[in-house]
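Read through the structure below, which is laid out as structure tokens, and then see the notes.
Numbering (my numbering), first residue to last: 21 to 372.
Okay, here's the thing in structure tokens:
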């Protein structure tokens, strides 16, 4: 038999371990289970309160419903019947139609190069022009020139030019300035390498002169002989000078702009300036235009040093130091010229 006090102790232990006791303990304030249950109930209650407020926001609104219905209708009408990418050409056309307009270019959008880059580009263009002209058999053009001879600057002269490269044949007729109506032909014949000149004095009744191309009389009104006439020789001479200038480095200034025009055609405009006469005895400044479409030189101006001109004006240096200017307009590189164009017996010519 257990002692009464021991029995009481055993009952107390059982009571402490019973479910009721544990439940009562969990119900007491401060117990972890009580705090957890209260937190969960609070969150659930808050969520249901939010839903109660949300139901007022979800009430149907007539204006909103109309906007939603209109948007759906517009989207349906604009929807393609075929899936995207079914026809690539349609995608490309749609992209091109919806392409935004490019922003306007600034007014000063011209190419402007200076220094060695401009020099190398000019040399490359001249070399390309030389190759182009080598492949051309003959051409016609309006040739204009103004030259300083024996210190005197001549008037501007314009003449019709017909030229064949191989073999070299040249015909010129003065149309403006100088001796209007004068004609020259080189050579006189296949077996006569002289220059034939028909003057207009005395009504052109004087017989034509036969001159050596480099004679004093033939060179009295020209800086270069007729054997150096044409765009090809102008290109060759300029190329040789620029290749020499390349060795001068910074002592020569070169500038290129592509926003210039000549005779209504766009050109690349080059300007070359020398630092001193030690770098270039004859030229102080050179200007050259290269036609953008034909890619050949069409205009050139060369200026000398003021010390070499008696009436040089420091305030108007370019106008008073010009020594030569050459221009080629209305060039027809596709002209097919036969032998009759360079024959003395051509009925259109006035040779006697």
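Even for Gly, the Cβ is constructed at its ideal location relative to N, Cα and C. All values derive from a computational prediction rather than experimental measurement.
When the five nearest sequence neighbours on each side are left out, the beta carbons in the same chain lying within less than 7 angstroms of the beta carbon of residue 228 are those of 216, 217, 218, 371, 372, in order along the chain.
Sequence-distant partners of residue 199 (beyond 5 residues in either direction) whose C-beta falls short of 6 angstroms from its own C-beta, in its chain, are 220. Judged by DSSP in its simplified three-state form, residue 320 adopts strand. Taken through DSSP and simplified to helix, strand or coil, residue 339 comes out as helix. In the DSSP assignment, residue 280 is bridged to 287. In the structure shown, residue 149 falls within a helical segment according to DSSP collapsed to helix, strand and coil.
The beta carbon of residue 265 lies closer than 6 angstroms to those of 272 in the same chain, with the five residues before and after it left out. In the displayed model, residue 305 falls within a strand according to three-state DSSP. Counting every other CB atom within 10 Å of its CB across the protein chains shown gives residue 365 a total below 16, marking it as exposed. Burial check for residue 137: the Cβ neighbour count within 10 Å stays below 16, so the residue is exposed. Going by DSSP, residue 220 is part of no beta strand (DSSP E) at all; its letter is neither H nor E. The C-alpha of residue 281 lies about 42 angstroms from the C-alpha of residue 226. For residue 167, same chain residues with a beta-carbon under 6 angstroms away, outside a window of 5 residues either side, are 174, 243, 344 in chain order. When the Cα atoms are used, residue 209 and residue 319 turn out to be separated by approximately 31 angstroms. Going by beta carbons, residue 131 and residue 262 fall outside the 8 angstroms limit.
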